[in-house]
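Student:
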Amino acid sequence: MANAGLVDLGEQILLFDTMYPPQAARSLRDAALHLFGRPISLVINSHFHLDHVGGNQVFADLPILSTVTTRNLMLERTQQFLSFAKANPGYPAILQKAIEEESDESKREELTLQLGDILAMDAALAELVPVPASMTFGGLFTFHGSQRTAALIPMGNGHSACDTVLYLPDDQVLFAADLLFAHNHPSIKDGNVPEWLRILGKMDSYPAQVIIPGHGPVSDQQAILDLHDYFTHLLHTAKQTETTEREAADSLESLPMPKQFETWSLPDQYTANLQHLVRLQQLS
1 MANAGLVDLG EQILLFDTMY PPQAARSLRD AALHLFGRPI SLVINSHFHL DHVGGNQVFA
61 DLPILSTVTT RNLMLERTQQ FLSFAKANPG YPAILQKAIE EESDESKREE LTLQLGDILA
121 MDAALAELVP VPASMTFGGL FTFHGSQRTA ALIPMGNGHS ACDTVLYLPD DQVLFAADLL
181 FAHNHPSIKD GNVPEWLRIL GKMDSYPAQV IIPGHGPVSD QQAILDLHDY FTHLLHTAKQ
241 TETTEREAAD SLESLPMPKQ FETWSLPDQY TANLQHLVRL QQLS
(Lines of atoms letter the chains of each structure in order from A and count residues from 1; the text may use other names and numbers.)
(Lines give C-alpha, C1' and ligand atoms only; values in the text may rest on other atoms or scores of the structure.)
Protein backbone atom coordinates (compact mmCIF):
# COMPACT_ATOMS: atom_id res chain seq x y z
CA MET A 1 0.00 0.00 0.00
CA ALA A 2 2.90 2.37 0.70
CA ASN A 3 6.68 2.47 0.83
CA ALA A 4 8.82 2.41 3.96
CA GLY A 5 12.56 2.65 4.60
CA LEU A 6 15.21 0.92 6.71
CA VAL A 7 18.42 2.84 7.39
CA ASP A 8 21.57 1.53 9.10
CA LEU A 9 23.22 4.42 10.96
CA GLY A 10 25.87 2.16 12.47
CA GLU A 11 24.70 2.10 16.06
CA GLN A 12 21.00 2.25 15.25
CA ILE A 13 18.58 0.90 12.65
CA LEU A 14 15.95 3.46 11.70
CA LEU A 15 12.54 2.58 10.31
CA PHE A 16 10.87 5.33 8.29
CA ASP A 17 7.11 4.66 8.41
CA THR A 18 5.49 1.47 9.68
CA MET A 19 2.93 0.80 6.93
CA TYR A 20 -0.39 -1.03 7.41
CA PRO A 21 -1.64 -3.61 8.29
CA PRO A 22 0.42 -4.63 11.33
CA GLN A 23 1.52 -7.76 9.47
CA ALA A 24 3.41 -5.49 7.03
CA ALA A 25 5.16 -3.90 10.00
CA ARG A 26 6.13 -7.33 11.30
CA SER A 27 7.62 -8.08 7.87
CA LEU A 28 9.66 -4.87 8.11
CA ARG A 29 10.88 -5.95 11.55
CA ASP A 30 11.95 -9.32 10.13
CA ALA A 31 13.59 -7.65 7.11
CA ALA A 32 15.81 -5.55 9.38
CA LEU A 33 17.05 -8.66 11.16
CA HIS A 34 17.69 -10.40 7.84
CA LEU A 35 19.47 -7.44 6.22
CA PHE A 36 21.48 -6.08 9.14
CA GLY A 37 21.53 -8.84 11.73
CA ARG A 38 20.23 -6.32 14.25
CA PRO A 39 16.74 -5.16 15.23
CA ILE A 40 15.09 -1.85 14.48
CA SER A 41 15.87 0.56 17.31
CA LEU A 42 14.03 3.75 16.33
CA VAL A 43 10.84 4.47 14.35
CA ILE A 44 9.81 7.60 12.45
CA ASN A 45 6.33 8.59 11.26
CA SER A 46 6.38 10.87 8.21
CA HIS A 47 2.72 11.91 8.50
CA PHE A 48 -0.53 10.73 10.07
CA HIS A 49 -2.18 8.64 7.33
CA LEU A 50 -2.97 5.08 8.37
CA ASP A 51 -1.03 3.41 5.56
CA HIS A 52 2.13 4.96 7.05
CA VAL A 53 1.48 4.67 10.80
CA GLY A 54 -0.82 1.63 11.03
CA GLY A 55 2.04 -0.65 12.06
CA ASN A 56 3.19 1.45 15.02
CA GLN A 57 1.83 -1.08 17.51
CA VAL A 58 4.46 -3.61 16.42
CA PHE A 59 7.11 -1.18 17.70
CA ALA A 60 5.31 0.08 20.80
CA ASP A 61 8.36 -0.74 22.94
CA LEU A 62 10.65 1.48 20.82
CA PRO A 63 11.02 5.26 20.57
CA ILE A 64 8.65 6.53 17.87
CA LEU A 65 9.29 10.03 16.50
CA SER A 66 6.96 12.41 14.70
CA THR A 67 6.00 16.06 14.69
CA VAL A 68 3.42 17.16 17.25
CA THR A 69 0.85 17.72 14.48
CA THR A 70 1.36 14.23 13.08
CA ARG A 71 1.05 12.68 16.54
CA ASN A 72 -2.20 14.48 17.31
CA LEU A 73 -3.78 13.77 13.92
CA MET A 74 -2.70 10.13 13.99
CA LEU A 75 -4.69 9.62 17.19
CA GLU A 76 -7.68 11.66 16.04
CA ARG A 77 -8.06 10.30 12.51
CA THR A 78 -7.31 6.67 13.33
CA GLN A 79 -9.99 6.70 15.99
CA GLN A 80 -12.42 8.31 13.53
CA PHE A 81 -11.69 5.57 10.99
CA LEU A 82 -12.18 2.83 13.57
CA SER A 83 -15.49 4.38 14.64
CA PHE A 84 -16.63 4.60 11.01
CA ALA A 85 -15.69 0.98 10.29
CA LYS A 86 -17.51 -0.20 13.41
CA ALA A 87 -20.65 1.76 12.51
CA ASN A 88 -20.52 0.69 8.83
CA PRO A 89 -19.39 -2.95 8.75
CA GLY A 90 -20.67 -3.42 5.21
CA TYR A 91 -18.67 -0.62 3.61
CA PRO A 92 -16.48 -2.95 1.48
CA ALA A 93 -19.68 -4.34 -0.10
CA ILE A 94 -20.52 -0.86 -1.42
CA LEU A 95 -17.35 -0.86 -3.50
CA GLN A 96 -17.96 -4.46 -4.58
CA LYS A 97 -21.35 -3.43 -5.94
CA ALA A 98 -19.79 -0.50 -7.80
CA ILE A 99 -17.36 -2.93 -9.45
CA GLU A 100 -20.20 -5.20 -10.56
CA GLU A 101 -22.09 -2.26 -12.05
CA GLU A 102 -19.10 -0.63 -13.78
CA SER A 103 -19.03 -1.24 -17.54
CA ASP A 104 -15.66 0.41 -18.25
CA GLU A 105 -12.98 -2.28 -18.00
CA SER A 106 -10.16 0.07 -16.94
CA LYS A 107 -12.32 1.54 -14.17
CA ARG A 108 -13.31 -1.96 -13.06
CA GLU A 109 -9.62 -2.85 -12.74
CA GLU A 110 -8.90 0.28 -10.71
CA LEU A 111 -11.88 -0.30 -8.41
CA THR A 112 -10.80 -3.91 -7.95
CA LEU A 113 -7.36 -2.76 -6.81
CA GLN A 114 -8.99 -0.34 -4.38
CA LEU A 115 -11.22 -3.11 -3.07
CA GLY A 116 -8.18 -5.28 -2.42
CA ASP A 117 -6.64 -2.52 -0.31
CA ILE A 118 -9.90 -1.93 1.57
CA LEU A 119 -10.40 -5.63 2.28
CA ALA A 120 -6.82 -5.87 3.58
CA MET A 121 -7.41 -2.87 5.82
CA ASP A 122 -10.76 -4.22 6.99
CA ALA A 123 -9.34 -7.65 7.81
CA ALA A 124 -6.73 -6.13 10.12
CA LEU A 125 -9.00 -3.70 11.95
CA ALA A 126 -9.72 -6.14 14.76
CA GLU A 127 -6.05 -6.13 15.79
CA LEU A 128 -5.35 -2.44 15.12
CA VAL A 129 -4.23 -0.55 18.22
CA PRO A 130 -3.36 3.14 17.62
CA VAL A 131 0.10 3.82 19.06
CA PRO A 132 1.21 7.45 18.77
CA ALA A 133 4.73 8.82 18.72
CA SER A 134 6.48 8.79 22.09
CA MET A 135 8.81 11.63 21.09
CA THR A 136 8.10 14.75 19.04
CA PHE A 137 10.24 17.29 17.21
CA GLY A 138 9.51 20.63 15.61
CA GLY A 139 12.47 21.37 13.36
CA LEU A 140 15.49 19.77 11.73
CA PHE A 141 16.45 16.61 13.65
CA THR A 142 19.80 15.07 12.71
CA PHE A 143 21.13 11.60 13.52
CA HIS A 144 24.94 11.37 13.46
CA GLY A 145 25.78 7.69 13.10
CA SER A 146 29.12 5.99 12.56
CA GLN A 147 27.97 4.75 9.13
CA ARG A 148 25.98 7.72 7.89
CA THR A 149 24.10 10.88 8.81
CA ALA A 150 20.32 11.11 8.49
CA ALA A 151 18.30 14.32 8.64
CA LEU A 152 14.62 14.46 9.53
CA ILE A 153 13.16 17.56 7.89
CA PRO A 154 9.60 18.78 8.54
CA MET A 155 8.42 20.27 5.24
CA GLY A 156 5.07 21.74 6.21
CA ASN A 157 1.54 21.31 4.86
CA GLY A 158 1.87 19.60 1.48
CA HIS A 159 0.18 16.20 1.25
CA SER A 160 -1.02 16.35 4.85
CA ALA A 161 -1.10 18.91 7.65
CA CYS A 162 2.55 18.17 8.40
CA ASP A 163 4.88 16.10 6.21
CA THR A 164 8.41 15.02 7.10
CA VAL A 165 11.13 13.68 4.80
CA LEU A 166 14.29 11.75 5.67
CA TYR A 167 17.46 12.77 3.83
CA LEU A 168 20.74 10.83 3.79
CA PRO A 169 23.35 13.35 2.55
CA ASP A 170 26.25 10.87 2.49
CA ASP A 171 24.30 8.53 0.22
CA GLN A 172 22.30 11.23 -1.62
CA VAL A 173 19.09 9.37 -0.83
CA LEU A 174 15.78 11.05 -0.02
CA PHE A 175 12.81 9.29 1.56
CA ALA A 176 10.03 11.62 0.42
CA ALA A 177 7.00 9.84 1.94
CA ASP A 178 3.73 11.04 0.40
CA LEU A 179 5.16 14.36 -0.72
CA LEU A 180 6.08 12.32 -3.79
CA PHE A 181 3.81 9.99 -5.73
CA ALA A 182 5.79 8.44 -8.59
CA HIS A 183 3.71 7.50 -11.64
CA ASN A 184 0.64 7.65 -9.40
CA HIS A 185 -2.11 10.24 -9.24
CA PRO A 186 -1.77 11.66 -5.71
CA SER A 187 -4.41 12.16 -3.05
CA ILE A 188 -4.75 15.86 -2.22
CA LYS A 189 -7.82 15.89 0.05
CA ASP A 190 -5.77 16.59 3.21
CA GLY A 191 -3.21 18.73 1.42
CA ASN A 192 -2.40 22.21 0.22
CA VAL A 193 -1.42 22.13 -3.44
CA PRO A 194 0.17 25.61 -3.70
CA GLU A 195 2.27 24.84 -0.63
CA TRP A 196 3.00 21.37 -2.00
CA LEU A 197 4.44 22.99 -5.12
CA ARG A 198 6.75 25.11 -2.96
CA ILE A 199 7.85 21.99 -1.07
CA LEU A 200 8.58 20.13 -4.31
CA GLY A 201 10.84 23.00 -5.31
CA LYS A 202 12.72 22.66 -2.03
CA MET A 203 12.98 18.89 -2.43
CA ASP A 204 14.39 19.35 -5.93
CA SER A 205 17.22 21.42 -4.44
CA TYR A 206 18.56 18.44 -2.48
CA PRO A 207 21.34 16.61 -4.37
CA ALA A 208 19.50 13.30 -4.23
CA GLN A 209 20.40 10.59 -6.73
CA VAL A 210 17.76 8.18 -5.38
CA ILE A 211 14.31 9.21 -4.15
CA ILE A 212 11.90 6.82 -2.48
CA PRO A 213 8.32 8.05 -2.92
CA GLY A 214 5.46 7.29 -0.57
CA HIS A 215 3.77 5.45 -3.43
CA GLY A 216 5.29 4.16 -6.63
CA PRO A 217 8.70 2.88 -7.74
CA VAL A 218 12.09 4.09 -6.55
CA SER A 219 12.73 7.25 -8.55
CA ASP A 220 14.98 10.24 -9.09
CA GLN A 221 14.49 14.00 -9.36
CA GLN A 222 12.56 13.64 -12.60
CA ALA A 223 9.65 12.30 -10.55
CA ILE A 224 9.64 15.55 -8.55
CA LEU A 225 9.52 17.56 -11.77
CA ASP A 226 6.71 15.37 -13.11
CA LEU A 227 4.59 15.90 -10.00
CA HIS A 228 5.35 19.63 -10.12
CA ASP A 229 4.05 19.71 -13.71
CA TYR A 230 0.97 17.74 -12.62
CA PHE A 231 0.04 20.20 -9.87
CA THR A 232 0.75 23.21 -12.07
CA HIS A 233 -1.62 21.77 -14.66
CA LEU A 234 -4.29 20.99 -12.04
CA LEU A 235 -4.24 24.50 -10.59
CA HIS A 236 -4.39 26.11 -14.04
CA THR A 237 -7.23 23.86 -15.20
CA ALA A 238 -9.22 24.30 -11.99
CA LYS A 239 -8.85 28.08 -12.12
CA GLN A 240 -9.87 28.19 -15.78
CA THR A 241 -12.90 25.99 -15.10
CA GLU A 242 -13.92 27.93 -12.01
CA THR A 243 -13.96 31.23 -13.92
CA THR A 244 -15.78 29.96 -17.01
CA GLU A 245 -18.42 27.67 -15.55
CA ARG A 246 -19.36 27.81 -11.89
CA GLU A 247 -21.83 24.96 -12.16
CA ALA A 248 -21.38 21.57 -10.60
CA ALA A 249 -17.83 20.21 -10.52
CA ASP A 250 -19.21 17.05 -12.13
CA SER A 251 -18.69 18.74 -15.50
CA LEU A 252 -14.97 18.16 -15.03
CA GLU A 253 -15.46 14.48 -15.79
CA SER A 254 -15.64 15.31 -19.48
CA LEU A 255 -12.24 17.02 -19.51
CA PRO A 256 -9.52 14.88 -21.15
CA MET A 257 -6.47 13.94 -19.14
CA PRO A 258 -3.13 15.14 -20.58
CA LYS A 259 -1.29 12.27 -22.26
CA GLN A 260 1.74 12.62 -19.98
CA PHE A 261 -0.41 11.52 -17.02
CA GLU A 262 -2.50 8.82 -18.75
CA THR A 263 -0.20 5.95 -17.76
CA TRP A 264 -0.14 6.87 -14.06
CA SER A 265 -1.88 4.55 -11.61
CA LEU A 266 -5.26 5.50 -10.09
CA PRO A 267 -6.45 7.60 -13.06
CA ASP A 268 -9.84 8.29 -11.45
CA GLN A 269 -7.98 10.38 -8.90
CA TYR A 270 -7.29 12.95 -11.64
CA THR A 271 -10.93 14.05 -11.86
CA ALA A 272 -11.35 13.83 -8.09
CA ASN A 273 -8.37 16.14 -7.63
CA LEU A 274 -9.75 18.68 -10.10
CA GLN A 275 -13.15 18.60 -8.42
CA HIS A 276 -11.54 19.15 -5.04
CA LEU A 277 -9.60 22.20 -6.26
CA VAL A 278 -12.66 23.70 -7.94
CA ARG A 279 -14.69 23.29 -4.75
CA LEU A 280 -11.96 25.01 -2.74
CA GLN A 281 -11.92 27.92 -5.17
CA GLN A 282 -15.68 28.27 -5.08
CA LEU A 283 -15.63 28.30 -1.27
CA SER A 284 -13.02 31.04 -1.29
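Anchor point for the sequence shown: position 233 equals 233 in UniProt numbering, and the numbering is continuous, going up by one each time. All C-beta atoms, glycine included, are put in the ideal place defined by N, C-alpha and C.
Go ahead and pull the three-state DSSP assignment for N88.
Tutor: For the purposes of this step, residue 88 is taken as residue 88 along the sequence shown, with counting starting at 1. It is coil, neither helix nor strand.
Student: Taking the continuous alpha helix (DSSP H) assigned at V193, which residues delimit it?
Tutor: On the sequence shown, residue 193 is found 193 positions in, with the first residue counted as 1. V193 to D204 is the span of the alpha helix (DSSP H), which, as asked, contains V193.
Student: Spatial neighbours of L6 within its chain, please: CB distance less than 8 Å, with the 5 preceding and 5 following residues excluded, ordered by chain position.
Tutor: The count along the sequence shown starts at 1 and reaches residue 6 at position 6. So the qualifying residues of the chain are I13, L14, L15, F16, L28, A31, A32, L35, F36 and I40.
Student: If I'm right that D51 touches A2 with Cβ under 8 Å, what's the distance once you round it to whole angstroms?
Tutor: For the purposes of this step, residue 51 is taken as the residue at position 51 of the sequence shown. For the purposes of this step, residue 2 is taken as the residue at position 2 of the sequence shown. Going by Cβ atoms, the distance from D51 to A2 rounds to 4 Å, so yes, they are a contact pair.
Student: Can you say whether G90 is buried or exposed, counting buried as having 16 or more other CB atoms within 10 angstroms of its CB?
Tutor: By one-based count along the sequence shown, residue 90 stands at place 90. Exposed.
Student: According to DSSP, is E245 helix, strand or coil?
Tutor: If you number the sequence shown from 1, residue 245 lands on position 245. Note that E245 has pLDDT 49, beneath the 50 cutoff, so the model's placement of it is unreliable and the number below is only indicative. Note: E245 maps to coil in three-state DSSP.
Student: Quick check: the segment 211-219 against the segment 167-183, are there 3 or more CB pairs under 8 Å?
Tutor: Short answer: they touch.
Student: Do I153 and L179 have their C-beta atoms within less than 7 Å of each other?
Tutor: Taking the sequence shown and counting its residues from 1, the one referred to as residue 153 is at position 153. Taking the sequence shown and counting its residues from 1, the one referred to as residue 179 is at position 179. For I153 and L179, no; Cβs fall outside 7 Å.
Student: Starting from the Cα of L168, find the closest Cα among H159, Y230, N45 and F143 and give me that residue.
Tutor: Taking the first residue of the sequence shown as position 1, residue 168 is located at position 168. Residue F143 is the option with its Cα nearest to L168.
Student: Between E102 and R108, what straight-line distance do the alpha-carbon atoms span, to the nearest angstrom?
Tutor: What you label residue 102 is simply residue 102 of the sequence shown in a count that begins at 1. What you label residue 108 is simply residue 108 of the sequence shown in a count that begins at 1. Those two C-alpha atoms are separated by around 6 Å.
Student: Along the chain, where does the alpha helix (DSSP H) containing T271 start, and where does it finish?
Tutor: One-based indexing of the sequence shown puts residue 271 at position 271. Element bounds for T271: D268 to L283.
Student: Out of N157, K259, E262 and Y20, which one is the CA nearest neighbour of V131?
Tutor: Reading the sequence shown from its first residue, position 131 is the one you call residue 131. Checked all of N157, K259, E262 and Y20; the closest Cα to V131 is Y20.
Student: Considering only the alpha carbon of each residue, which of G55, Q80, P63 and L73 lies closest to D163?
Tutor: Reading the sequence shown from its first residue, position 163 is the one you call residue 163. It is L73 whose Cα lies nearest to the Cα of D163.
Student: Residues in the same chain with beta-carbon distance under 8 Å from I44, minus the five sequence neighbours each way, listed in chain order, please.
Tutor: Position 44 of the sequence shown, counting from 1, holds the residue named residue 44. Result list for I44: L14, L15, F16, D17, I64, L65, S66, L152, T164 and L166, in chain order.
Student: Can you give me the Cβ contacts of A238 inside the same chain, cut-off strictly under 7 Å, excluding the 5 residues immediately before and after it?
Tutor: In the sequence shown, residue 238 corresponds to position 238, counting from 1. Correct list, in chain order: L274, L277, V278 and Q281.
Student: Would you list the residues sitting across from M135 in a DSSP beta bridge?
Tutor: Position 135 of the sequence shown holds residue 135. In DSSP, M135 forms a bridge with L65.
Student: Over what stretch of residues does the beta strand (DSSP E) that includes residue 353 continue unbroken?
Tutor: A query on residue 353 cannot be resolved here, the shown segment of the chain reaching from 1 to 284 and no further.
Student: Could you check what DSSP says for A31 in three-state terms: helix, strand or coil?
Tutor: Taking the sequence shown and counting its residues from 1, one reaches residue 31 at position 31. If DSSP states are grouped into helix, strand and coil, A31 belongs with the helices.
Student: My output table needs one value for N184: the three-state DSSP class, helix, strand or coil.
Tutor: Working through the sequence shown from its first residue, we reach residue 184 at position 184. Three-state result, N184: strand.
Student: If we ignore side chains and look at the alpha-carbon of each, how far apart do E127 and H47 end up?
Tutor: As a working mapping, residue 127 is identified with position 127 in the sequence shown. As a working mapping, residue 47 is identified with position 47 in the sequence shown. Those two C-alpha atoms are separated by around 21 Å.
Student: What residues are listed by DSSP as bridge partners for F81?
Tutor: As a working note, residue 81 is residue 81 in the sequence shown. DSSP, once it has assigned bridges, lists no residue as partnering F81.
Student: From the DSSP output, in three-state form, read off L95 for me.
Tutor: What you label residue 95 is simply residue 95 of the sequence shown in a count that begins at 1. Looking at L95 - three-state DSSP - the assignment turns out to be helix.
Student: Quick check: what's the CA-CA separation for R26 versus G55?
Tutor: Along the sequence shown, one-based indexing puts residue 26 at 26. Along the sequence shown, one-based indexing puts residue 55 at 55. Each residue's alpha carbon lies about 8 Å from the other.
Student: Return the chain-ordered list of same chain residues with a C-beta closer than 7 Å to the C-beta of V129, the five sequence neighbours on each side being excluded.
Tutor: Counting from one through the sequence shown, the residue named residue 129 turns up at place 129. Result list for V129: Q57, in chain order.
Student: Does the beta-carbon distance from G191 to G158 come in below 7 Å?
Tutor: Taking the sequence shown and counting its residues from 1, the one referred to as residue 191 is at position 191. Taking the sequence shown and counting its residues from 1, the one referred to as residue 158 is at position 158. Against a cut-off of 7 Å, the Cβ pair of G158 and G191 comes out as a contact.
Student: Assuming contact is defined by CB atoms lying nearer than 7 Å, are A177 and P217 in contact in what I supplied?
Tutor: Translated into the one-based positions of the sequence shown, residue 177 becomes position 177. Translated into the one-based positions of the sequence shown, residue 217 becomes position 217. Contact flag unset, no.
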